[in-house]
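The end of the sequence shown is residue 1355 by my numbering, with every number in the run present.
Inspection log for the structure reproduced underneath, given as structure tokens.
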Amino acid sequence: MATSKVSTAVNAASGVSTEKRSTVKLDTIRDIEKKMQKLWADLKIFEVDAPGHPTKNPNTYLVTFPYPYMNGRLHLGHTFSLSKCEFAVGFQRLRGKHCLFPFGFHCTGMPIRAAADKLKRELEDFGFPPKFPIDTNEENEEEKAATTSESSKVDNKSKSKKGKATAKSGGEKYQWQIMRSLGIDDDDEIRRFADPQYWISYFPPRGKRDLEMMGLKVDWRRSFVTTDINPFYDSFVRWQFHHLKEGGKIQFGKRYTIYSPKDDQPCMDHDRSSGEGVAPQEYTLIKLRIHDDHIPEKLKSHVTSSTTGVYLAAATLRPETMYGQTNCWLHPDIRYIAFETRSHGILICTRRAARNMAYQEYTAASGQYTVLAEFLGSELFGLPLHAPLSHYETVYVLPMMTIKEDKGTGVVTSVPSDSPDDYAALMDIKNKVNLRDKYNIKESMVLPYDPVPIIELEPYGRLAAPAICSQMKIQSQNDRDKLLEAKEKIYTKSFYDGILVVGKYANTKVCDAKKLVRDDLITNGQACAYYEPEGKVMSRSNDECVVALVDQWFLDYGNEKWKQEAKHALDKMNVYHTETRNQFDAVLGWLHEHACSRSYGLGTKLPWDEQYLIESLSDSTIYMAYYTVAHLLQARDSFSGEKLGPANILPSQLTIAVWDYIFFSDKPYPSSTTDIPHATLDHLRNEFQYWYPVDLRSSGKDLIPNHLTYSIYNHTAIWPNNPEFWPRSFRANGHLLLNSEKMSKSTGNFLTLVQAIEKFSADGMRLTLADAGDSIEDANFEEEMAQAQLLRLYTFIEWVKEILNIDPVNTEEENDSKHASEENSTMVSSVINWVKDKLHLSTSSDNTDGEFTKQQKSHYRTDTKYNYYDLVFESEINRAIQLTQESYEKMLYKDVLKYGFFQLQIARDNYRELCSESEQMNLRLIKRFIEVQAILLSPICPHVCDYVYQFLHPGTTIMNAKWPTAGKVDQSLIDSCDYLMNTAHDFRLRLKSYSTQQVGGKSKGVKPQPPLPPTHAAIHVARSYPSWQTFVINELKKMYLANNHSLPDSKQLAVHFKDRPEIDKKYQKKLMPFVIYSKDLLEKSRNVSSLDQHLSFDEYQVLQFNQDYLRRALNVEQIEIHLTDGNDNETAAVSTVEDIIPGKPLVHFRHEASVTIRLINCQPYTPNFEWSLPIMNGDTIEQLELRLRRNGDRQLKLSKTIRLFYYQNWEFYTRSIPSMETPLKGLVEFQNKDQILQIDSIHGTVVVDEQDIGNILVYLVE
């Protein structure tokens, strides 16, 4: 019920048509999925264990996915990332690996606790069930929505979407309503979520059920939840942190960190509702002292003898440029406050900046500041200031309109020599008298102040900003786009390439001088350190975070030795994409301390300081090792460890020494401190050593700066001397868009995992996810594409059933009847046995005709002697196996589908099309295709593929199948077939052009008419290029090799080939089209051999052999193929559009006159029909017989012999009644198949050897 409501809301909000569609295909595949899932569960096929004895098995494959957070249902974004693991483990199973895919559920951290506490407060404030106050705006919106609903009119999609978004955001204002949006309708049930532990018991089992619907290949015995509610996992994390502390990896002290004042603790990435990945940004706070005799009136009463001064606090990233200060900027309309600090006097800045400073020991009480006065920026204009290091003794406060309140302190120090923004603003106020008058700025505050040369920067000189503003013709500070471009050009270049030319550190590179100048300013009391978040960060409790300087336990990721170990581990890992490795390298460059403790939330207590909890990014770095033993410690489905597992070990028995023995191979059995049997601990140790390390961990790219990098660090710390236990590969993917837009509950553009399955089936969803994208860039899930993929799968199933002669019975009814008679029947009997009943195939693998039914042998060839079409298709299958394997190994699943499904299906379709008339498909090869197709696609669509696989191998499952062995790939055969299909396509386009051209109509009053349908096609093929084209090709080869494997642009090539004596002037119009064609061919292939004057196959022979296919494709009666020898005159005679070149034949169509004859069958008791066929001058009896076979029914096509007759006296016998006893009376048989027929167009009859034989012939079928 809840899912249905959500689906309806999604459709309405996204503008998707809600008209009812047939669900037959969806229901069919969903039924298949349920049956296959039950089969796998009955067989316990994904439950795997290490061998009973210690062994190092290089054939294992452990894949993991970062356990999802359990504060709601899994959505399509989760599914996209974990699908990469799912596809990988499916492929590795086929490759013979012993695969393990465990799955856990994360509950550590703030979100669950914060939501539970919020729910508790709502119950206290609004009663049970809570009655929330109705906001006036919300009420008006609801009234509008009701009016719209009653009138059943929605003006457009955007209005409808806006209404939904408003209703959705209003509904999610309270936690109670959020719970309802998760599909929980029962008030008593919702009330239970005020207890954080209820979340942990509620969502993980439902998450497991959702994932089982997807068909995930998980060993669910190893699943668990985190936090101290699970004493086994809690003990494991405490063991980990014991060793991190012992190894000096955890320190205590004051550090700048992103902090939530509301939660009163650091706010790490997983604690944030927005701003993930945002770090503290370091500024230098320049203290611009207001002259004592100009203290604002509002502040004079607060200034005492102990006040060290009143300052405007300007935050800068470039303290070394302070030598060039000419003024200070404020925004006229921003509100600034003054507050007193402990050691920096009275500071003036924005309220937001003061809030940050209050948490950085600027004020007497942490987090508290007292506002002494408040000003509009315009109230402070004209104040004289002393600016540290400035060339000018006094500078003034001036207006700037582009200052933002949410960045820095709102106070900006001006350096117009090197800042285009400052220079443009200064020139504005210098040149615009009205602007000065508006803000009471005197000329003396502005006009004497010119940019000060402080940095030498080539090629801009010592005044880079004025130079680039002049160069780019920037007129004022309103030229924002140009100013941004100017800043991008010189800002970074100035820092790295500029030379400081003034002050104590003159002639020093700017990048080296920055820290030196900063340290001097701070030492001299002219500046101080200030931090704020790089961007806006909101905590899960909806609190805007600050940067705080707090005492905390932190993981010392900045430790250089540890960092180098992590880099060493990363160097040995496969991360699949260059961009992913670049991001890892960048993170290792800037990563320093990470706060690993908090005082609020859920989790494991720090072993040595239990007032703190271990935060969620720190207890999830090596937990993959816990998977290896979890199924022995915890009972099946005992996610919280409330029931003991097969090892019968109590949590209290898991001491540091016991964990050491399990995970450290050099540690001895702790016989003096444990009563756990030696054999039991050996069992756990063996599980760990057999499965570890992690072969693949796949996640979203947002975890690169935190979880994934931390995991590398912690593996090197826990197993410093055992690199064989370090992770082998990490794969990161982009985020998932839905219908090309960001997924969002508020807009209705959102799908949970269950909704996607119910809408598109599990395999339909999986197929669309595989095709959504593989790179680190964002991927896209298109719902229309998902519907199309569902249809593809259903069509494939139905085609296989048709090919293998599977009766279209209602298998559901059969299974129901079997279950009624045999209550204990397993899926093996209820699903696979019906296949045996319906499939007329032997289970043996021999190649005798006994494995095919009579009906199958009548429709298909079953021989082992393959013809041209068979060999092409066989090579296509073998190539698909090779390319698909390579794509799976690279985890490029779009390419997997490209080679292993889409192109393979096209190859099947081509084979079917090529064999559609005179040739029959080979059933042995078709069965090979079905098996290969099922196996290649099975990691992505396991349900459908297992279902199909069991048609061929009853009593088995594809989960135990092996990757097919690829045979020989004859690339020349594939090339020849591609050439054939492309040529046929090109000819069809030419035929369309021929058929739509207008002829006649030159005489007055005569309407142009389309040409008569063509009956003949003449194809002209060239074995070699004409001499002028050979010259062009050789020239291009020389230029390509001489120019570092590249060619000049088309204009330069036109100049190069202009008026060349080797090229006759009559070819000038055709010259550049051929040059561009050859250039494109070379640039695409990047290989000069692509311009060679020969193909990998005989073009003429391919066309000759496939005349019949081309005739069908073009719907003509006859095809002629002419081979040109490259002679220019001959080529020019047959080509009216372009030259004929190897690989690009030319076709000409023509219509020839014909008469229509009747071909009748006089055999008694046969189902043969009468056919009407055209005959043209020069047709032979053999051609007539072929035409009859082509146009006749299936029986005629398959007949071994057809005999043709004509009447001795056709006018007499066609008027007589046929005799049943003597059907051949009066007939003469054509004896010579080469006998030529002529037509009499006037009488509409056929002439043989000058004898008119009429327009009726007789055929007999033997």
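Glycine included, C-beta positions come from ideal geometry on N, C-alpha and C.
It should be emphasised that the depicted structure is a prediction, and the values quoted were computed from it without experimental measurement.
Exercise. Can you tell me the Cβ-Cβ gap for GLY501 and VAL490, rounded? I've got them flagged as a contact below 8 Å.
Key: Between GLY501 and VAL490 a beta carbon distance of about 16 Å is seen, past the 8 Å cut, so the two are scored as non-contacting.
Exercise. Starting from the Cα of GLU413, find the closest Cα among PRO373, ASP514, GLY308 and ALA620 and give me that residue.
Key: Among PRO373, ASP514, GLY308 and ALA620, the Cα nearest to that of GLU413 is on ALA620.
Practice problem: Out of THR767, ASP759 and ILE1346, point me to the one whose CA is closest to THR748's CA. | Solution: Comparing alpha carbon positions, the residue from THR767, ASP759 and ILE1346 closest to THR748 is THR767.
Quiz prompt | Ordered list of alpha helix (DSSP H) runs contained in the segment 1096-1140, each at least 4 residues | solution = For the segment 1096-1140, whole alpha helix (DSSP H) runs of length 4 or above, ordered along the chain, are 1120-1135.
Exercise. Label TRP701 either buried or exposed according to how many other C-beta atoms from any shown protein chain fall within 10 Å of its C-beta, with 16 as the threshold for buried.
Key: Residue burial annotation: TRP701 is exposed, with fewer than 16 other C-beta atoms found within 10 angstroms of its C-beta.
Quiz prompt | Cβ pair count under 8 Å reaching 3, the segment 576-588 against the segment 520-534 | solution = No contact exists between the segment 576-588 and the segment 520-534.
Exercise. For GLN358, write down the residues that DSSP places opposite it in a beta bridge.
Key: DSSP output for GLN358 lists SER353 as bridge partner(s).
Exercise. Please report how far the alpha carbon of ALA1373 lies from the alpha carbon of PRO1311, in whole angstroms.
Key: There is no way to answer for residue 1373, as the model of the chain reaches only from 94 to 1355.
Quiz prompt | Same chain, Cβ closer than 8 Å to PHE468, five either side skipped, listed in chain order | solution = These residues qualify, in order along the chain: PRO389, LYS391, ARG428, TYR429, ILE430, ALA431 and ILE441.
Self-check item: Simplified DSSP state of ASN940, which is helix, strand or coil
Solution: With a pLDDT of 41 at ASN940, under the threshold of 50, the modelled position of this residue cannot be trusted; read the value that follows with caution. ASN940 falls in the coil class under three-state DSSP.
Quiz item: What span of residues does the beta strand (DSSP E) with ILE974 cover, start to end?
Solution: Where ILE974 is concerned, there is no enclosing beta strand (DSSP E), although the alpha helix (DSSP H) it sits in stretches over 961-982.
Practice problem: Could you give the DSSP three-state label for TRP133: helix, strand or coil? | Solution: Three-state DSSP puts TRP133 in a helix.
Quiz item: Cα-Cα, which of SER507, MET494, GLY308 and THR495 is closest to TYR485?
Solution: Out of SER507, MET494, GLY308 and THR495, SER507 has the C-alpha closest to the C-alpha of TYR485.
Quiz item: Anyone know if the C-beta pair for LEU706 and SER690 falls short of 8 Å?
Solution: At the C-beta level, LEU706 and SER690 come within 8 Å of one another.
Quiz prompt | Close Cβ partners of PRO1267 (< 6 Å) along its chain, the five nearest in sequence each way excluded | solution = These residues qualify, in order along the chain: SER1247 and THR1249.
Practice problem: Specify the secondary structure class of VAL989 as computed by DSSP and reduced to three states. | Solution: Here VAL989 sits in helix by DSSP.
Quiz item: Can you check whether the CB of TYR762 is closer than 8 Å to the CB of HIS776?
Solution: Not closer than 8 Å, so no.
Quiz item: From the DSSP output, which residues share a beta bridge with MET1322?
Solution: Checking the displayed sequence, the identity of residue 1322 turns out to be Glu instead of Met. According to DSSP, which records beta bridges pairwise, GLU1322 is partnered with PHE1298.
Self-check item: Element boundaries [beta strand (DSSP E), containing GLY793]
Solution: For GLY793, the enclosing beta strand (DSSP E) begins and ends at 789-793.
Practice problem: Give the single residue among ASP730, THR977 and LYS1293 whose Cα lies nearest to the Cα of SER294. | Solution: Measuring from the Cα of SER294, the nearest candidate turns out to be ASP730.
Quiz item: Thinking just about the alpha-carbon of each residue, which of ASP1039, LYS347, ASP357 and GLN418 is nearest to the one in LYS380?
Solution: Answer by Cα proximity: GLN418.
Quiz item: How many Å lie between ILE1067 and LYS301 at the Cα?
Solution: So the two alpha carbons sit approximately 46 Å from each other.
Self-check item: Short Cβ contact (8 Å threshold) for ARG123 with ASP303
Solution: No.
Quiz item: Between TYR516 and the rest of its own chain, which residues show a CB-CB distance below 7 Å, the 5 nearest in sequence each way excluded?
Solution: The answer, listed in chain order, is PRO509, PRO544, ALA558, PRO559 and CYS562.
Quiz item: Are ARG284 and LEU216 touching if we call contact CB-CB under 8 Å?
Solution: Result yes, Cβ atoms of ARG284 and LEU216 sit closer than 8 Å.
Practice problem: Classify CYS1070 as helix, strand or coil using the three-state DSSP reduction. | Solution: If DSSP states are grouped into helix, strand and coil, CYS1070 belongs with the helices.
Quiz prompt | Contact between the segment 829-837 and the segment 152-171 (3+ Cβ pairs under 8 Å) | solution = With three or more CB-CB distances shorter than 8 Å, the segment 829-837 counts as touching the segment 152-171.
Practice problem: Can you say whether TRP752 is buried or exposed, counting buried as having 16 or more other CB atoms within 10 angstroms of its CB? | Solution: With a 10 Å radius around the Cβ and a threshold of 16 neighbouring Cβ atoms, TRP752 comes out buried.
Quiz prompt | Cβ-based neighbour list, GLY1395, same chain, cut-off 6 Å, excluding 5 preceding and 5 following | solution = One cannot answer for residue 1395 here, as it falls past the ends of the chain, which runs 94 to 1355.
Practice problem: Determine the direct distance from the alpha carbon of MET361 to that of PRO798, and round the result to whole angstroms. | Solution: Straight-line Cα distance between these residues: approximately 12 Å.
Quiz item: So, using beta-carbon positions, are THR319 and THR400 closer together than 8 Å?
Solution: In this structure, THR319 keeps its C-beta atom at 8 Å or more from the C-beta atom of THR400.
Exercise. Pull up the distance between the alpha-carbon of LYS1085 and that of LEU1105, whole angstroms please.
Key: Each residue's alpha carbon lies about 12 Å from the other.
Quiz item: For ASN741, which of helix, strand or coil comes out of DSSP?
Solution: Looking at ASN741 - three-state DSSP - the assignment turns out to be coil, as it is neither helix nor strand.
Self-check item: Proximity to GLN1301 [Cα-Cα], best of VAL156, ASN1284, TYR1042 and PHE1323
Solution: Selected option, being the one with the closest Cα: PHE1323.
Quiz item: By Cβ distance below 8 Å, which residues in the same chain neighbour CYS1008 in space, the five residues on each side in sequence not counted?
Solution: So the list reads TYR962 and MET1014, once near-sequence residues are dropped.
Quiz item: Given a threshold of 16 other Cβ atoms within 10 Å of its Cβ, counted over all protein chains shown, does ALA458 qualify as buried or as exposed?
Solution: Looking at its Cβ environment, which holds fewer than 16 other Cβ atoms inside 10 Å, ALA458 is exposed.
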